[in-house]
Amino acid sequence: MNELTSQLQVRVPATGVSVIEIAGEVTRESDGALTDAYERAAKGARTIVLAFDKLDYMNSSGIGLLVTLLVRAQRSHQSVLAYGLSEHYRQIFELTRLDEVISIHETQDAALAAVA
Amino acid sequence: MSTKPENRDAQAWAQPVDRLTVSDGHINVTGRRPTAPIHGFGRMWQKSYRTPLTGAKVSPTEVISAWKEHFPEFWPAGNRFFAPLAGIAPGEVAALDLSMPGGLKLSTGVLVLYADDESFTLMTPQGHMFAGWITFSSFVEDGVTCAQAQVLMRASDPLYELGMTFGGHRQEDAHWVHTLSELAKYLGASGEVTAETVCVDRKRQWSRAKNIWHNSGVRSGMHMAGAPFRALAKPFRPHEG
Numbered sequence: 001m002n003e004l005t006s007q008l009q010v011r012v013p014a015t016g017v018s019v020i021e022i023a024g025e026v027t028r029e030s031d032g033a034l035t036d037a038y039e040r041a042a043k044g045a046r047t048i049v050l051a052f053d054k055l056d057y058m059n060s061s062g063i064g065l066l067v068t069l070l071v072r073a074q075r076s077h078q079s080v081l082a083y084g085l086s087e088h089y090r091q092i093f094e095l096t097r098l099d100e101v102i103s104i105h106e107t108q109d110a111a112l113a114a115v116a
Numbered sequence: 117m118s119t120k121p122e123n124r125d126a127q128a129w130a131q132p133v134d135r136l137t138v139s140d141g142h143i144n145v146t147g148r149r150p151t152a153p154i155h156g157f158g159r160m161w162q163k164s165y166r167t168p169l170t171g172a173k174v175s176p177t178e179v180i181s182a183w184k185e186h187f188p189e190f191w192p193a194g195n196r197f198f199a200p201l202a203g204i205a206p207g208e209v210a211a212l213d214l215s216m217p218g219g220l221k222l223s224t225g226v227l228v229l230y231a232d233d234e235s236f237t238l239m240t241p242q243g244h245m246f247a248g249w250i251t252f253s254s255f256v257e258d259g260v261t262c263a264q265a266q267v268l269m270r271a272s273d274p275l276y277e278l279g280m281t282f283g284g285h286r287q288e289d290a291h292w293v294h295t296l297s298e299l300a301k302y303l304g305a306s307g308e309v310t311a312e313t314v315c316v317d318r319k320r321q322w323s324r325a326k327n328i329w330h331n332s333g334v335r336s337g338m339h340m341a342g343a344p345f346r347a348l349a350k351p352f353r354p355h356e357g
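Quick look at the structure:
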């Protein structure tokens, strides 16, 4: 098991853009790590990019955490983008209709280009 | 050969579905789109109802297995859950009849969004009281197996938001407290049910006010009111088959 409970990496690849590296497993245990990562990423950011290329596993509690993160970002007038989703997780975003509110891109470069 | 890590949860999720279908002709389900919390109108709430299953020697897997198998039996009287033939499995759709104030029977349904050995999640369709999902899970905390129902929701439209404010939330709390108490009783456990409510977003999404078009309460009421007329017209309908 590689639950996402430790500190997540947050990068700032461009002014006003923060990337949260979502790695390992996203389950109900991940709440603290995701909240902490969002709080670090949100400082001075207009755009939050979620990087899913190291995601191993996500259950329905995990997708619920993403919804609450999305709502927090919306409240702060930040847009949320994602990249690195496998076909399987793209389907889950489609099923849960998160793809209607989170802009999905293939790579970090594509996501950053969309921000620009 | 190793399984790709991203496929480990593949069997637990429903396949993408645009519109729901239920076979028994239940109103307010077939043709409706499943909705996430982001598609609702009202304030966004996360409500967690939890009970420690003290005294019961059961694993989380055994709790979820029993919960799936006997799901409707733990509900308060007057509410019906028409379990799918395949049981609570990813992608299955169940119809519901919920008892509302004033003798109204509200017909709606749910999609089984996710189901594994330790949790399952039901997602609501357009017209349901709320847009969102309910996750039922079991886990060990401080050496005790616990059962939890967690609702992540927004009232679907302004009418439901009003209803939730004036008694709906209280009724929902009572529903899940009753359910968890009955589950604990079934498993031979004792333990108090605790409820924790967090307002995730106080803002209402006025762009979603038009969801009222699908309001299952209004449509169920109209369906009930039309029942005598449908009965009168029945002899005059052409026979099928």
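Residue numbers (our numbering), protein chains in the order written: chain G, 1 to 116; chain V, 117 to 357. Don't be surprised by glycine CBs; every beta carbon is placed ideally from N, CA and C. Computed from a prediction, not measured in an experiment: that's the story for all the values here.
First and last residue of the uninterrupted alpha helix (DSSP H) at residue i
{"i": "V/Trp161", "result": "V/Trp161 -> not in any alpha helix (DSSP H); beta strand (DSSP E) instead, spanning Met160 to Pro168."}
{"i": "V/Pro274", "result": "Pro274 to Gly279"}
{"i": "G/Asp31", "result": "Asp31 to Ala42"}
{"i": "V/Met340", "result": "Ser332 to Ala341"}
{"i": "V/Trp183", "result": "Pro176 to Glu185"}
Check whether residue i and residue j have beta carbons under 9 Å apart
{"i": "V/Val316", "j": "G/Val71", "result": "yes"}
{"i": "V/Arg149", "j": "V/Glu277", "result": "no"}
{"i": "V/Thr224", "j": "V/Ser139", "result": "no"}
{"i": "V/Trp191", "j": "V/His294", "result": "yes"}
{"i": "G/Gly64", "j": "G/Glu25", "result": "no"}
{"i": "V/Thr237", "j": "V/Phe252", "result": "yes"}
{"i": "G/Gln74", "j": "G/Ala37", "result": "no"}
{"i": "V/Leu303", "j": "V/Leu169", "result": "yes"}
{"i": "V/Gly333", "j": "V/Leu222", "result": "yes"}
{"i": "G/Leu95", "j": "V/Gln131", "result": "yes"}
{"i": "V/Met245", "j": "V/Ser272", "result": "yes"}
{"i": "G/Leu98", "j": "G/Ile48", "result": "no"}
{"i": "V/Gly156", "j": "V/Ala247", "result": "yes"}
{"i": "V/Leu299", "j": "V/Ala182", "result": "yes"}
{"i": "V/Gly203", "j": "V/Glu185", "result": "yes"}
Residue i: first and last residue of the uninterrupted beta strand (DSSP E) it sits in
{"i": "G/Ile48", "result": "Thr47 to Met58"}
{"i": "G/Pro13", "result": "Val10 to Ala14"}
{"i": "V/Val316", "result": "Thr310 to Asp317"}
{"i": "G/Ile22", "result": "Val17 to Val26"}
{"i": "V/Phe157", "result": "Run containing V/Phe157: none; DSSP gives neither H nor E here."}
{"i": "V/Arg135", "result": "Run containing V/Arg135: none; DSSP gives neither H nor E here."}
{"i": "V/Arg196", "result": "Arg196 to Phe198"}
Identified DSSP bridge partners for residue i
{"i": "V/Trp129", "result": "V/Tyr230"}
{"i": "G/Tyr83", "result": "G/Ala51 and G/His105"}
{"i": "V/Ser297", "result": "V/Ser297 pairs with nothing; no bridge assigned."}
{"i": "V/Pro150", "result": "V/Pro241"}
{"i": "V/Gln264", "result": "V/Arg166 and V/Ser253"}
{"i": "G/Arg90", "result": "According to DSSP, which records beta bridges pairwise, G/Arg90 is partnered with nothing at all."}
{"i": "V/Lys221", "result": "V/Ser215"}
{"i": "V/Gly248", "result": "V/Met269"}
{"i": "V/Ser235", "result": "V/Ser253"}
Option nearest residue i by Cα separation, candidates the options
{"i": "V/Gln242", "options": "V/Gly158, V/Val228, V/Pro132 and V/Thr151", "result": "V/Thr151"}
{"i": "V/Arg166", "options": "V/Gly279, V/Gln287, V/Thr261 and V/Arg148", "result": "V/Thr261"}
{"i": "V/Ala211", "options": "V/Asn195, V/Lys163 and V/Trp322", "result": "V/Asn195"}
{"i": "V/Ala205", "options": "V/Tyr230, V/Asn331, V/His244 and V/Gly156", "result": "V/Tyr230"}
{"i": "G/Ala51", "options": "G/Val80, G/Arg28 and G/Glu21", "result": "G/Glu21"}
{"i": "V/Leu220", "options": "V/Ala349, V/Lys350 and V/Met338", "result": "V/Met338"}
{"i": "V/Phe198", "options": "V/Val179, V/Asp232, V/Ala182 and V/Val145", "result": "V/Val145"}
{"i": "G/Tyr83", "options": "G/Ser76, G/Asn59 and G/Val19", "result": "G/Val19"}
{"i": "G/Tyr89", "options": "G/Val115, G/Leu34 and G/Asn59", "result": "G/Asn59"}
beta-carbon residue i near the ligand NAP non-hydrogen atom, thresh 8 Å
{"i": "G/Ser60", "result": "Absence of the ligand NAP from the depicted structure is noted, as is the absence of any ligand whatsoever, leaving it without description."}
For the region 143 to 166 of chain V, list every residue whose C-beta sits within 9 Å of some C-beta in chain G, in sequence order. Arg149, Pro150, Thr151, Ala152, Pro153, Ile154, His155, Met160 and Gln162
What are the residues in the region 81 to 102 of chain G lying within 8 Å of chain V by C-beta distance? Ser86, His88, Tyr89, Gln91, Ile92, Glu94, Leu95, Thr96, Arg97, Leu98, Glu100 and Val101
Relative to chain V, which residues along the region 16 to 37 of chain G have a C-beta separation below 8 Å, given in chain order? The residues in question are Arg28.
If the cut-off is 7 Å on Cβ atoms, which residues from the region 223 to 235 of chain V count as contacting chain G, listed in chain order? Leu229, Tyr230, Asp232 and Ser235
Which residues, taken in chain order from the region 316 to 345 of chain V, show a beta carbon closer than 8 Å to some beta carbon of chain G? Val316, Asp317 and Lys319
Output needed in chain order: residues of the region 261 to 273 of chain V with a Cβ under 8 Å from some Cβ in chain G. Gln266 and Leu268
For the region 56 to 67 of chain G, which residues have a CB atom closer than 7 Å to at least one CB atom of chain V, in sequence order? Asp56, Tyr57, Met58, Asn59, Ser60, Ser61, Gly64 and Val67: these are the residues of the region 56 to 67 of chain G whose beta carbon lies less than 7 Å from some beta carbon of chain V, given in chain order.
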